[in-house]
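As you go down the protein sequences, you meet chains A and B in turn.
According to the working numbering, the stretch in the first sequence is residues 11 to 240, in order.
According to the working numbering, the stretch in the second sequence is residues 11 to 240, in order.
Think of the CB as a built atom: it goes at the ideal place given N, C-alpha and C, for glycine as much as any other residue.
First the structure, in the form of structure tokens, and then the observations on it.
2 protein chains.
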Amino acid sequence: MAKKAQSVPRREKGLSRNRIIEASIELLDSSGEGGLTFRALSERLATGPGAIYWHIASKSELLIAACDAIVARTMNAPVATNKREATPQAIIRSLALGMFDAIDAHPWVGSALIRAELQSPMVRIVERIGQQVRALGVPDEQQWEAVSALFSYILGVGGKNAANGQLARTRGIDRSEFLEAMSHVWLQLDPQEYPFVRSAAGQLRAHDDRMDFLAGINLILKGIESSRRR
Amino acid sequence: MAKKAQSVPRREKGLSRNRIIEASIELLDSSGEGGLTFRALSERLATGPGAIYWHIASKSELLIAACDAIVARTMNAPVATNKREATPQAIIRSLALGMFDAIDAHPWVGSALIRAELQSPMVRIVERIGQQVRALGVPDEQQWEAVSALFSYILGVGGKNAANGQLARTRGIDRSEFLEAMSHVWLQLDPQEYPFVRSAAGQLRAHDDRMDFLAGINLILKGIESSRRR
DNA sequence: ACCTGAACACCGTTCAAGT
DNA sequence: ACCTGAACACCGTTCAAGT
């Protein structure tokens with residue numbers, strides 16, 4: 011009968027790079043970094059562990075590919091800014107927050123991103139930010155430094171959040187409980203040796219990761235601005 | 011300092027948390043993150059894998075303890091600044107570079123640091139930087155944001171360098187070869203979609219990680235300064 | 001071309017048994 | 001109190017064999 015007359019949704023049974031990546035994302039989301047194993051994955055795909063190797067070279071490649079899929083979605087999503095003032099700064103803030111939220115939703119992306127250095131996920135992020143840094147009027151020789159700083163900062167916060175997510179999962183602990191406990195530990199420190207950390211213990215309990223993240227982006231943006239002005 | 015008159019250096023044969031940590035550092039330095047296994051470690055310590063568990067709860071605790079030992083040394087080292095102008099900014103730069111160099115020498119510290127969130131290694135770094143941010147005259151409510159931004163940035167660059175080190179080890183590839191190859195890949199990208207990355211490919215080949223890192227620290231410091239002035 | 005699944009060479013961790 | 005080492009329950013990866 012008609013072979014391509016209508017949208018026969020690619021036979022469910024055939025394995026493909028894409029199906030493998032989608033299944034990996036589901037697995038990573040539902041059971042964390044440790045949840046992605048070739049055995050669990052092949053069970054979910056109703057196949058043998060060896061079959062996956064026909065489509066993907068290694069676990070590390072698989073993790074980066076899954077990370078890249080999330081980053082691609084995030085960087086291609088329409089930028090959520092007020093049209094009235096879609097300044098480069100506002101767009102950069104929005105892109106950065108997009109990554110923050112993506113990592114918040116998929117904590118494993120944070121650590122995968124770090125391992126994917128200079129590969130596709132980084133390229134996507136750097137490109138989007140880079141264009142806005144240009145639009146900011148930063149001179150050519152300073153653009154790389156500016157983009158690199160923003161990217162590294164996002165990477166750092168992302169990695170931290172990935173660790174948080176991992177910790178929350180393994181210890182089955184609530185984030186605010188954990189902050190409470192940590193704040194208590196900090197208050198216990200020797201006041202001679204740790205005056206700053208002790209005094210910051212209160213803010214630790216109250217702080218909002220997302221707002222702190224944004225504040226850091228704003229500091230870097232201000233730094234870029236005041237460098238440019240000179 | 012010397013607490014007691016040159017005591018006998020704790021009998022070589024007895025296991026101890028410290029000896030285990032030192033052996034772990036050697037193993038991590040010589041064969042990377044993957045090189046730290048309880049089997050390799052117990053062989054080096056001439057004991058069984060189970061023995062280590064008497065002194066340390068888990069591999070993750072071991073990794074963080076090893077990381078903390080390096081961070082402690084780094085943060086306690088005398089700050090290398092020109093006495094004449096030991097401004098808070100200069101001290102922060104020096105502390106940050108100290109961490110950069112430590113991670114450069116021990117790439118595994120980068121990824122361990124990320125996993126150690128809010129624990130001892132972070133506390134040491136945050137304290138040292140925090141004191142200088144205070145000395146900068148940043149108002150109380152803004153201190154945490156400033157320190158947090160600096161720390162996250164250091165974490166991000168550190169994580170990236172850890173990945174580099176790992177990559178260099180597994181692929182047995184030289185850093186500059188790798189940058190060369192990556193720069194070539196970037197030049198191949200679609201100019202419509204990736205104008206910025208393409209134009210940055212040249213700088214990628216030429217760039218100096220350490221200088222880029224310092225430039226980022228300076229951007230954040232400038233941002234802090236201009237926030238304060240407002 | 002694509003898939004199967006047993007087998008290999010590892011892991012971290014536990015625990016009865018020793019000293 | 002501290003150590004031993006076999007055993008358990010996993011891993012990623014390979015590969016002859018199938019379709």
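- Just so you know, the alpha carbons of Arg-125/B and Ile-74/B end up roughly 8 angstroms apart.
- Under a criterion of Cβ atoms nearer than 7 angstroms, the residues of chain B adjacent to Ser-162/A are, in order, Tyr-163, Gly-166, Val-167, Lys-170 and Gly-226.
- If you draw a straight line from the Cα of Val-143/B to the Cα of Ser-26/A, it is about 53 angstroms long.
- Contact between Val-119/B and Ile-80/B holds, with the beta-carbon distance rounding to 5 angstroms and staying under 8 angstroms.
- Remark: C-beta atoms of Asp-114/A and Ser-158/B do not approach each other more closely than 8 angstroms.
- By the Cβ criterion, the region 91–110 of chain B is not in contact with the region 51–61 of chain B, since fewer than three pairs of Cβ atoms, one from each stretch, lie closer than 8 angstroms.
- The same chain holds no residue with a CB closer than 7 angstroms to that of Ala-225/A once the five nearest residues on each side in sequence are set aside.
- A direct Cα-Cα distance of roughly 11 angstroms separates Leu-199/B from Glu-137/A.
- The straight-line gap separating the alpha-carbon atoms of Gly-182/A and Asp-218/A is approximately 20 angstroms.
- Neighbours of Asp-222/B across chain A, judged by C-beta separation under 7 angstroms: Glu-155 and Ser-158.
- Here DSSP, grouped into helix, strand and coil, assigns Trp-196/A to helix.
- Counting along the chain, Glu-137/A sits inside the alpha helix (DSSP H) bounded by residues 130–145.
- Under the three-state reduction of DSSP output, Trp-154/B falls in the helix class.
- DSSP, reduced to helix, strand and coil, places Tyr-163/A within a helical segment of the structure shown.
- Only residues of its own chain outside the window of five on either side were considered, and among them Arg-208 and Ala-211 have a CB closer than 7 angstroms to the CB of Leu-197/A, listed in chain order.
- Burial of Tyr-204/A is indicated by the presence of at least 16 other C-beta atoms within 10 angstroms of its C-beta.
- When DSSP assignments are scanned along the region 25–74 of chain B, the uninterrupted stretches of alpha helix (DSSP H) that are 4 or more residues long and fall wholly within it turn out to be 27–41, 48–54 and 59–62.
- Distances from the CA of Gln-213/B to each of Lys-232/B, Gly-233/B, Pro-201/B and Met-192/B were compared; the closest alpha carbon is that of Met-192/B.
- For the pair Val-133/B and Arg-238/B, the CB atoms are not nearer than the 8 angstroms cut-off.
- For Arg-215/B, the enclosing alpha helix (DSSP H) starts and ends at 205–216.
- Against chain A, the beta carbon of Lys-232/B has neighbours under 8 angstroms at Lys-232, Gly-233, Ser-236 and Ser-237, listed in chain order.
- Against chain A, the CB of Phe-206/B has a partner CB under 8 angstroms away; the residue lies at that interface.
- Contacts with chain B (Cβ-Cβ distance below 7 angstroms) from the region 123–136 of chain A involve Ile-124, Arg-125, Glu-127, Leu-128, Val-133 and Val-136, listed in chain order.
- Contacts between His-194/B and chain A, judged by CB atoms closer than 8 angstroms, are missing: the closest CB pair is about 12 angstroms apart.
- Excluding the 5 residues flanking it on each side, Ala-172/B has same chain C-beta neighbours closer than 6 angstroms at Pro-117, Gly-120 and Ser-121, in chain order.
- Secondary structure of Ala-87/B (DSSP, three-state): coil.
- Taking CB atoms only, Ala-75/B has no neighbour in chain A less than 8 angstroms away.
- Within the region 44–71 of chain B, no residue has its Cβ closer than 7 angstroms to any Cβ of chain A.
- In the three-state scheme derived from DSSP, where H, G and I count as helix and E and B as strand, Pro-201/A is classed as coil.
- Residue burial is scored here from C-beta neighbours: Trp-154/B has at least 16 other C-beta atoms within 10 angstroms and is therefore classed as buried.
- Taking every protein chain shown into account, the CB of Ser-162/A has 16 or more other CB atoms within 10 angstroms, so this residue is buried.
- Residue-level contact by beta carbon fails for Asn-28/A and chain B, as no gap is shorter than 8 angstroms.
- A distance below 6 angstroms between beta-carbons, with the five flanking residues on each side excluded, links Ala-76/A to the following residues of its chain, in chain order: Ile-31, Ser-34 and Ile-35.
- Across the structure, Ile-66/B and Phe-206/B are spaced so that their CA atoms are roughly 49 angstroms apart.
- Just so you know, the alpha carbons of Leu-123/A and Trp-64/B end up roughly 35 angstroms apart.
- In the structure shown, the three-state DSSP call for Asn-228/A is helix.
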